[in-house]
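Below: the structure, in structure tokens.
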Amino acid sequence: MSANAVLSGSSGAEIVLSAEHLTKRFGDREAVSDVSFDVRAGEVFGFLGPNGAGKTTTIRMLVGLARPDRGTVRIRGIDLARDFRGAMGHVGCIVEAPDLYKYLTGRENLVHFSRMLPDGAAGRIPELAGLVALTERLDDKVATYSLGMRQRLGIAQALLGNPDILILDEPANGLDPAGIREIRQLVRHLAGERGIAVFVSSHLLSEVEQTCDRVAIIHRGRTLATGPVRELLDRVASDRLRFDVRPARRAAEVLAAFGPAETVEGQAGEEGTIHARIPKAKVPEALRALAAAGVEVFAVERALASLEEVFLEVTGGETV
Amino acid sequence: MRFSGLVENEILKFARQRRFRVVVLILVALIGLIVFAQSRGRERVLGGKDWHVETQERMARIQNGLRDGRMPASMQRWARFELDRLRYHLDRDINPEAISGPLFARGFANAASYLLLPLLAIVFASDVVSAEFAQGTIKLLLTRPVGRARVLASKLAALGLAITLTVLFGGIVAYVFGGIAYGYGGWTAPVLTGFRVAGERLDPATVRSIVLWLDLVLAYGLAWFAALCVGAIALLTSVLLRSTAAAMGTMLAALIAGTILPRLAPSWEAQKYLFVTNLPLPDYYSGSPPPIAGLTVGLGAAVLAAWALAAVVAAFAVFIRRDVLA
């Protein structure tokens, strides 16, 4: 396989997955239009968009389940349409939901999928079971697993072939906060420690903010913006602040001089919460003014923009 | 990623699903019931004259017919076979009209080839691809570095194995249960087979005498072949419809149509090119009058093979090309 030649130059900047001008039509409707992005080794790449934006359709094209009407998917430089087996040998994925054989045990599922890989994949089962914390339940039927456990088993399955890229479709869906945290830690570990490129789709901005390095935003089948997560959040969330203060009314009067102070909770002379839009550069000054006015500040927090606000920002007015 | 590993996967899935156990239970229960009902019925029918005497009288009649020379040549052939058959039974003190374990198993092959074995083949085959869609596991199965053709080929191989085991198991159960009721011996008894219908009468010219175990192997071989072909066609419906219930319903409708059509419209000769008309291959072989004029084992097997081949080609073409959006 020619891919081994590429492997030697494994650096942080190496492009593992590249989507070029992907387009998919269903009848008259264009579900995905001209979507392009690159995912590099060792990074967690977020694919952010509301439900129905075309995320899953794009993922289906990335893993060869659906043929693009136009565009190319390359994995380690291998054209998926030309050499499916060569390309998919580098990919581990979960599409839509971690659907595994419920009537088989976790181990049987892993053995099953290891038989579809080059010899030796089965040898990784104990290690991977440990990695996703399923060792003790590995011989139970998957039907008895919680959704979080299925998600973890799905990830173990995806890792069986020692992939260079892991593609996860909404891995946080349906999980409780503890489950989401586990998955997030696992994803960060795989990217950070093992240098795997991870592609994660999500409809939750908070999820992408906490997990991903870079993000592409997709809306109505088109990518609206691609770039580092920080940059994006700075663009949309930089001036929205939340103050926990006492007394609230006095604080609101002080903050109004720096920008629109929108909401006041609590009564005069008492502790309250104020939402204010103050440019980043003016925040230190505002805090000094509050101190000078004798206002006690308990917390200042930059509010996270909602996905809707992100869309308003990047589309310049179009709502979700 | 050896092909045998993929087939092993498919066998694992067959074996661990409930339907395999259900099929085993169906066979055991059904055959048990048939044996019980049949042996009950026979007790009342038999009795009366001693069969030794009756057989000797029959042999004498045939010998007389042969001697006086008025018997047509085609009939003489049959008469000699029948004489041998009766003598064989008389020598071994076996009632030639009595049923034996192997004979019961032989009868089962004929009876089961109409509906039961095709039905069981459908139960297995209609699930093979659609279940992966229903469970969502198709997305994992087709995103591994294995070509889609290999995935479907492994499923086809496992399906063939499941159908083979089912036919084999059916035969063994029929023999074991039949043996309980009628005794296990009689493997080497001669049987007459290969009657042809000429006009209104049975034409004995093509009749052959064949030892029972060979006859049994041939009958089960034909039943197995028919079941395999039905399995291939059901696999195509499973690929096309992606729903087990829809695939099974379609195939059942076809099966039922196949049992009704020859009765309601026996004069429509083109139906001999339908696959459902040709399922009772063991019957055509042993020479029961075919439901449609011109049907023979050879033609039936060829028609079935053509259908199965077309179904497999179409199943692969669709499975390889179609987008997976489940």
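Residue numbers (this note's numbering), protein chains in the order written: chain S, -12 to 307; chain W, 3 to 328. Glycine included, every Cβ here is placed at the ideal spot set by N, Cα and C.
Once you ignore the five residues that flank residue i on each side, which residues in its own chain have a CB closer than 7 Å to its CB?
i, result
"Glu84 (chain W)", "Ile64, Leu194"
"Ala108 (chain S)", "Ser101, Leu147, Gly148"
"Lys11 (chain S)", "Ala18, Val19, Thr44, Met48, Ala53, Pro55, Asp56"
With DSSP run on the structure shown, which of helix, strand or coil describes residue i?
i, result
"Glu12 (chain W)", "helix"
"Arg12 (chain S)", "strand"
"Ile167 (chain S)", "helix"
"Leu5 (chain W)", "Note that residue 5 (chain W) is Phe in the sequence shown, not Leu. Three-state DSSP puts Phe5 (chain W) in a helix."
"Leu121 (chain W)", "helix"
"Leu49 (chain S)", "helix"
"Arg264 (chain S)", "strand"
"Phe2 (chain W)", "Since the first residue of chain W shown is 3 and the last is 328, residue 2 (chain W) is not available in this structure."
"Gly71 (chain W)", "coil"
"Cys80 (chain S)", "strand"
"Lys89 (chain S)", "coil"
"Pro158 (chain S)", "coil"
"Leu144 (chain W)", "coil"
"Gly141 (chain S)", "helix"
"Thr139 (chain W)", "coil"
"Asp93 (chain W)", "helix"
"Thr213 (chain S)", "strand"
"Ser133 (chain S)", "coil"
"Ala313 (chain W)", "helix"
"Asp217 (chain W)", "helix"
"Leu153 (chain S)", "strand"
"Phe245 (chain S)", "coil"
"Ser41 (chain W)", "helix"
"Asp106 (chain S)", "coil"
"Arg323 (chain W)", "helix"
Within the continuous beta strand (DSSP E) that includes residue i, where are the two ends?
i, result
"Phe230 (chain S)", "227 to 233"
"Leu194 (chain W)", "192 to 195"
"Phe277 (chain W)", "Note, Phe277 (chain W): premise wrong, no beta strand (DSSP E); not H, not E."
"Ile210 (chain W)", "Reading the sequence as shown, one finds Arg at residue 210 (chain W) and not Ile. Residues 210 to 213."
"Thr59 (chain S)", "57 to 62"
"Ile205 (chain S)", "201 to 206"
"Val187 (chain S)", "184 to 189"
To the nearest angstrom, report how far apart residue i and residue j are at their CA atoms.
i, j, result
"Arg111 (chain S)", "Glu194 (chain S)", "29 Å"
"Ala310 (chain W)", "Ala234 (chain W)", "5 Å"
"Asp93 (chain W)", "Asp86 (chain W)", "10 Å"
"Ser76 (chain W)", "Tyr90 (chain W)", "22 Å"
"Leu142 (chain W)", "Asp86 (chain S)", "8 Å"
"Ala284 (chain S)", "Val232 (chain S)", "The sequence given here has Val at residue 284 (chain S), not Ala. Whole-angstrom Cα-Cα distance: 5 Å."
"Ile258 (chain W)", "Gly161 (chain S)", "45 Å"
"Val326 (chain W)", "Ala53 (chain S)", "6 Å"
"Arg124 (chain S)", "Ser189 (chain S)", "28 Å"
"Gly93 (chain S)", "Pro192 (chain W)", "55 Å"
"Phe321 (chain W)", "Ala313 (chain W)", "12 Å"
"Pro43 (chain S)", "Ile205 (chain S)", "Reading off the sequence shown, one finds Thr at residue 43 (chain S), where the question assumed Pro. About 11 Å."
"Ile165 (chain W)", "Ala225 (chain W)", "11 Å"
"Ala235 (chain S)", "Gly36 (chain S)", "37 Å"
"Ala255 (chain W)", "Ser245 (chain W)", "15 Å"
Could you name the residues of the same chain whose beta carbon sits closer than 8 Å to that of residue i, not counting the 5 residues immediately before and after it, in chain order?
i, result
"Ala(-8) (chain S)", "In this predicted model, Ala(-8) (chain S) has a pLDDT of only 32, less than 50, meaning its place in the structure is not dependable enough to derive any value."
"Glu215 (chain S)", "Strictly speaking, residue 215 (chain S) in this sequence is Pro, with Glu absent from that position. Counting only Cβ-Cβ distances below 8 Å, and skipping sequence neighbours, we find Asp200, Arg201, Val202."
Find the nearest neighbour of residue i within the set the options, judged by alpha-carbon distance.
i, options, result
"Ala84 (chain S)", "S:Ile154, S:Val119, S:Phe34", "S:Ile154"
"Pro282 (chain W)", "W:Ala228, W:Ala155, W:Ala176, W:Ala75", "W:Ala228"
"Phe179 (chain W)", "W:Ala31, W:Tyr275, W:Gly251, W:Arg323", "W:Ala31"
"Val299 (chain W)", "W:Ala164, W:Ala221, W:Arg21, W:Ile33", "W:Ala221"
"Ile46 (chain S)", "S:Val31, S:Ala68, S:Cys80", "S:Cys80"
"Arg16 (chain S)", "S:Arg264, S:Arg207, S:Val31", "S:Arg207"
"Gly223 (chain W)", "W:Ala308, W:His54, W:Leu119, W:Glu56", "W:Leu119"
"Asp95 (chain W)", "W:Ala114, W:Ile262, W:Asp52", "W:Asp52"
"Ile182 (chain W)", "W:Ala272, W:Ser6, W:Gly34, W:Asp70", "W:Gly34"
"Arg181 (chain S)", "S:Leu4, S:Val31, S:Ala6", "S:Val31"
"Ser269 (chain W)", "W:Ala123, W:Leu297, W:Pro147", "W:Leu297"
"Thr139 (chain W)", "S:Ile62, S:Gly135, S:Leu91", "S:Leu91"
"Ala319 (chain W)", "W:Leu306, W:Leu121, W:Gly149, W:Ala176", "W:Gly149"
Along the alpha helix (DSSP H) that carries residue i, what are the first and last residues, could you check?
i, result
"Met95 (chain S)", "Sequence check: residue 95 (chain S) is Glu here, not Met. Its alpha helix (DSSP H) spans residues 93 to 101."
"Glu272 (chain S)", "270 to 279"
"Pro104 (chain W)", "103 to 116"
"Phe179 (chain W)", "150 to 184"
"Leu35 (chain S)", "Segment 31 to 35 is the beta strand (DSSP E) holding Leu35 (chain S); no alpha helix (DSSP H) there."
Once the 5 residues before and after residue i are set aside, which same chain residues still bring their CB inside 6 Å of it?
i, result
"Glu12 (chain W)", "Ser156, Lys157, Ala160"
"Ile2 (chain S)", "Asp25, Arg27"
"Val119 (chain S)", "Arg139, Ile142, Ala143"
"Ala317 (chain W)", "Leu237, Leu238, Val241"
Run down chain B in chain order and give the residues with a C-beta less than 8 Å from the C-beta of residue i.
i, result
"Gly7 (chain W)", "Protein chains S and W are contained in the structure displayed, whereas chain B is not."
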